[in-house]
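This report concerns only the one structure given below.
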């Protein structure tokens with residue numbers, strides 16, 4: 013190797029060291045002045061109630077850590093894909109938050125771009141958490157985020173509308189047949205009401221139908237997308253029949269609402285398929301409405317569900333890694349997870365806490381029971397690419413009127429071609 017190349021390598025190493033020292037010195041300088049270190053945290057919000065719950069947690073953290081102040085900057089856009097895109101851009105440009113939400117399906121792509129701080133030896137309580145959730149945020153033995161809670165989809169319904177129409181409320185014996193018939197009867201165009209409302213800002217709710225029909229999204233090794241299988245097509249066709257033929261299934265926007273939760277609360281929908289995280293929203297926004305909750309109806313191959321979890325992660329570019337870790341550690345502590353669980357928004361990821369909880373609320377009970385038949389909502393090797401390609405196809409099928417078979421075939425071909433060219 014020539015002398016010029018050696019000097020160049022030394023020069024680049026010095027630049028990297030200086031950049032790292034600059035971030036650390038900023039943190040040290042702030043601490044020396046006696047002023048509190050300011051951390052920025054961001055994430056999407058499912059409802060204003062979730063925002064209130066997180067603000068309470070951040071307030072409790074600041075009280076126990078007077079040397080740190082937290083600036084909460086919730087993402088107010090619509091759609092997870094936009095959140096991730098803006099987050100990645102902000103981190104790369106040096107204006108990103110210190111701590112942020114990251115979904116399991118996004119970890120690989122963000123880690124490949126060197127945006128996530130490895131938690132390393134800081135994460136001493138790894139064994140205290142549900143291993144199947146921690147593994148989603150790990151790669152090559154390193155962990156890049158701590159799962160904050162978990163949830164599944166639940167069938168929420170207006171029991172008063174069922175009673176008015178002489179239909180028994182959903183129970184554990186419900187199948188797709190009962191769902192379809194109830195949605196048809198409860199639909200009332202004159203009142204602007206749909207029997208079933210399904211949010212369309214991401215594909216997850218629509219993907220339940222192929223899942224319960226026996227389809228797999230990807231092969232076991234994650235190398236191929238299988239969403240064009242016969243089982244997947246059968247599941248999608250059932251949902252399309254409810255939407256296009258029965259006209260009993262609408263999106264929130266088609267009902268003049270911002271969310272499926274709002275549609276149910278206002279009586280614009282008799283049933284919704286939504287995450288258990290909306291229960292606190294119902295108690296706060298619609299306390300007088302007769303809203304029930306239960307397990308999803310059983311499909312041809314079972315009551316499969318998706319398990320959702322989100323982690324708190326730390327930016328690789330944070331100037332305050334020690335303080336950022338303290339915040340993540342507190343937000344995933346037994347104290348804070350218990351506080352969140354008691355609101356009914358989600359279930360804890362700590363094993364001991366989950367086992368000790370009194371699962372009394374119907375929503376929490378449905379989530380607790382559903383987890384045994386749930387598969388993690390993640391896209392494996394496809395990561396963010398899978399979310400975008402499948403999300404686009406599902407939107408075109410259910411909202412754009414595109415032909416089912418051809419649209420799925422095109423999406424699967426695009427995704428499998430991309431997966432085939434991934435570096436080992």
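Residue numbers (my numbering): 13 to 436.
The beta-carbon is built from N, C-alpha and C at its ideal position, and this holds for glycine as well.
Just so you know, these numbers come straight off a predicted model, no measurement behind them.
By the neighbour-count criterion, in which a residue is buried when 16 or more other Cβ atoms sit within 10 angstroms of its Cβ, residue 384 is exposed. Residue environment: residue 387 is assigned as exposed (fewer than 16 neighbouring CB atoms within 10 Å of its CB, all protein chains considered).
In this structure, residue 65 lies away from residue 86, with their beta-carbon atoms at least 8 Å apart. Residue 94 counts as exposed, since fewer than 16 other beta carbons sit within 10 angstroms of its beta carbon. In this structure residue 335 is buried. Its beta-carbon is surrounded by 16 or more other beta-carbon atoms within 10 angstroms. With a cutoff of 8 Å on beta-carbon distance, residue 328 and residue 128 are scored as near each other. Between the segment 301 to 316 and the segment 218 to 227 there are three or more inter-stretch CB-CB distances shorter than 8 Å, so the stretches are counted as touching. A straight-line Cα-Cα distance of about 37 Å links residue 186 and residue 426. Contact check for residue 289 against residue 250 fails: the beta carbons are separated by 8 Å or more.
Annotation for residue 424: 237, 239, 240 place their beta carbon closer than 7 Å to its own, counting only its chain and skipping 5 residues before and after. Residues of the same chain with a CB within less than 7 Å of the CB of residue 178, apart from the 5 flanking positions on each side, do not exist. Counting every other CB atom within 10 Å of its CB across the protein chains shown gives residue 202 a total below 16, marking it as exposed. Within the same chain, 209, 211, 264, 284, 286 come within 6 Å of residue 272 by CB-CB distance, once the 5 residues on both sides are set aside.
Following the DSSP letters along the chain, one finds residue 199 in no beta strand (DSSP E), marked with neither H nor E.
Assignment of residue 336 by DSSP, reduced to helix, strand and coil, places it in the helix class. Residue 367 and residue 227 have their C-alpha atoms some 31 Å from each other. DSSP places residue 313 outside both helix and strand once states are collapsed to three, so it counts as coil. The C-alpha of residue 291 lies about 16 Å from the C-alpha of residue 350. Proximity to residue 422 across 254, 125, 401 peaks at 401, based on C-alpha coordinates. Here the alpha carbons of residue 156 and residue 348 stand approximately 20 Å from one another. Counting the other Cβ atoms within 10 Å of the Cβ of residue 364 gives fewer than 16, which makes it exposed.
Per DSSP, the unbroken beta strand (DSSP E) holding residue 283 starts and ends at 281 to 287.
Across the structure, residue 219 and residue 406 are spaced so that their CA atoms are roughly 8 Å apart.
The three-state secondary structure of residue 351, taken from DSSP, is helix. Counting only the Cα atoms, residue 142 lies some 14 Å from residue 380.
Residue 79 holds the alpha-carbon nearest to the alpha-carbon of residue 49 among 59, 62, 79, 396. Within the DSSP bridge table, the entry for residue 170 names 303 as partners. If you ignore the 5 residues before and after residue 260, its C-beta comes within less than 8 Å of the C-beta of 192, 195, 196, 198, 199, 206, 207, 208, 254, all in its own chain and listed in chain order. When DSSP states are grouped into helix, strand and coil, residue 387 belongs to the strand group.
Pairing residue 362 with residue 140 gives a Cβ-Cβ distance under 8 Å. Here residue 302 is exposed: its Cβ has fewer than 16 other Cβ atoms, across all protein chains shown, within 10 Å. Residue nearest to residue 257 within the set 410, 309, 81, 75 is 410 (criterion: CA-CA distance). According to the DSSP assignment, residue 406 belongs to the alpha helix (DSSP H) that extends over 395 to 410.
For residue 375, the closest C-alpha among the options 146, 117, 164 is that of 164. Under the DSSP assignment, residue 111 falls in the beta strand (DSSP E) whose first and last residues are 111 to 115. Residue 431 and residue 121 do not touch by the CB rule: their CB atoms are close to 13 Å apart, not below 8 Å.
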